[in-house]
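The sequence shown finishes on residue 1220 if you use the numbering used here, and the numbering steps up by one all the way, no holes.
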Amino acid sequence: MDDLILPFQIEATALRGRLVRFNTAVDKIITQHGYPDAVASLLCEAVTLASLLAGALKYEGVFTLQTKGEGAVKLIVADVTSAGAVRGYAQYDADALAAAGTDGPPVPRLLGNGYLAFTVDQGENTDRYQGIVALDGGTLAECAAHYFAQSEQIATGLKLAVKRGEPDADGKPGPWRAGGLMIQRLPAEGGEAGNPTPHAHEGDDEGWNRALSYLGSCTSAELTDPALPAEDLLYRLFHEDGVRAWPAHRLQALCRCSRERISRVLRSLPREEMTGLEVDGKVTVDCEFCSTQYQFTPAQIEALFDKV
Ligand SMILES: [Zn+2]
């Protein structure tokens, strides 16, 4: 599997974690948009972070991560379905991006003041779970770790890495790759419902600190190395305390847009606005997530509204 999430448990301490690997999916997402490198890198991180966080939840539906800031990159959206479909997009100001330079941590430099929010949408008539935290870290991983420490009282170790593959012989840049690793220490009374594994050792500071230092020793090169299997990386990092991986789940870059969905959106707008949207005798709607274009002729627009 090129793109996967691998849940694991450190045997000596019963600490749980997840490893995410993207060898093809983030590249597909970036290629759909053609973003500049700084934006591409942040979006790859956001998609990886969303996949790690979604993997920690039991849900059926869509997990969405969103950043909103006053900086050059105004908006990042990444979402993951419980079936493992990932997608994402970003909105940025090209002039502000050029002015932001390349020195210093990306969050203050590119996103600026703002927030990071998580939403779980499990369909109609269900509660939407939402978490939100200020963008007060140097990286998205730091912001997310702050969120867990502040709002959920869950100590979290988190590492994200993004790397672009080496250019080929013709100088064409290599594919975008990304990886992420997360371990969490649930509060003492925690543990997942129905899980018979005792969490007696999770109160053990020594074990937690050891796990954090193993995680800290993981390099960006290891997280994004397509030649290093995910299980081998886990073994390399955590073998002193024993590590057990559960079956991996496949992730894939897949948008959920369709002509039917876009039609529904158009139908929800006032009919008189349709003429304002027409260019060259057609209404064209681009999917923000995958850049697919949907075109509607005046006759097709007419038919949409007649259906109601
Ligand atoms: Zn789409």
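Backbone N, C-alpha and C fix where the C-beta goes; we use that ideal spot for every residue, glycine too.
Among the bridge pairs identified by DSSP, GLN1207 is matched with THR1196. THR1031 and LEU1098 have their C-alpha atoms some 21 Å from each other. Ligand 1 has no heavy atom closer than 7 Å to the beta-carbon of THR943. Between ligand 1 and the CB of THR1204, the shortest heavy atom gap is smaller than 7 Å. Between the alpha carbons of THR1209 and VAL1177 lies a distance of about 16 Å.
Here the region 1168-1184 makes no contact with the region 945-955; the two share fewer than three CB pairs at distances below 8 Å. Remark: C-beta atoms of LEU1047 and GLY1069 do not approach each other more closely than 8 Å. In this chain, the beta strand (DSSP E) harbouring VAL992 covers 985-993.
Per DSSP, the beta bridge partners of VAL1045 are LEU1028.
One thing to note: ILE1213 has its Cβ no nearer than 8 Å to the Cβ of VAL1197. Put simply, of GLU1152, CYS1202, GLU1184 and THR1136 the residue whose alpha carbon is nearest the alpha carbon of CYS1167 is CYS1202. The closest heavy atom of ligand 1 lies 7 Å or more from the beta carbon of CYS1055.
Following the DSSP letters along the chain, one finds ASP1117 inside the alpha helix (DSSP H) bounded by residues 1117-1128.
Here GLU1064 carries a helix assignment [DSSP, helix/strand/coil].
Between SER963 and ARG1122, the alpha-carbon positions lie close to 25 Å from each other. The continuous stretches of beta strand (DSSP E) do not include GLY1050, and DSSP gives it neither H nor E. Listed as beta-bridge partners of GLU923 by DSSP are no residues whatsoever. Counting along the chain, the unbroken beta strand (DSSP E) around ALA997 starts and ends at 997-1004. Less than 8 Å separates the beta-carbon of GLY1091 from that of ALA1073. Secondary structure of ARG1183 (DSSP, three-state): coil. At a cut-off of 7 Å, the beta-carbon of PHE1201 counts as near ligand 1: some heavy atom of the ligand is closer than that. Below 8 Å, enough C-beta pairs join the region 1138-1148 and the region 916-931 to call them touching: three or more. Residue environment for LYS1071: buried (at least 16 other C-beta atoms within 10 angstroms of its C-beta). Taking the Cα of ALA1008 as reference, the smallest distance to any Cα among ILE922, PRO948, GLU1134 and ARG930 is reached at PRO948. Ranked by how close their Cα comes to the Cα of TYR1147, the residues ALA1165, GLU1118, PRO1138 and LEU1127 have LEU1127 in first place. Look at the beta carbons and you see the region 959-978 touching the region 1050-1061: at least three pairs across the two are nearer than 8 Å. Residue environment: GLN1003 is assigned as exposed (fewer than 16 neighbouring CB atoms within 10 Å of its CB, all protein chains considered).
In the three-state reduction of the DSSP assignment, GLU1190 falls in the strand class, which pools E and B. Proximity of the region 1077-1091 to the region 932-946 meets the contact definition, three or more beta-carbon pairs being nearer than 8 Å. Nearest Cα to LEU1216 within the set ASP1192, ILE1174 and THR1204: ILE1174. The nearest non-hydrogen atom of ligand 1 is less than 7 Å from the C-beta of CYS1167.
Nearest to THR1136 by alpha-carbon distance, out of PHE934, ALA924, ILE922 and PHE920, is PHE934.
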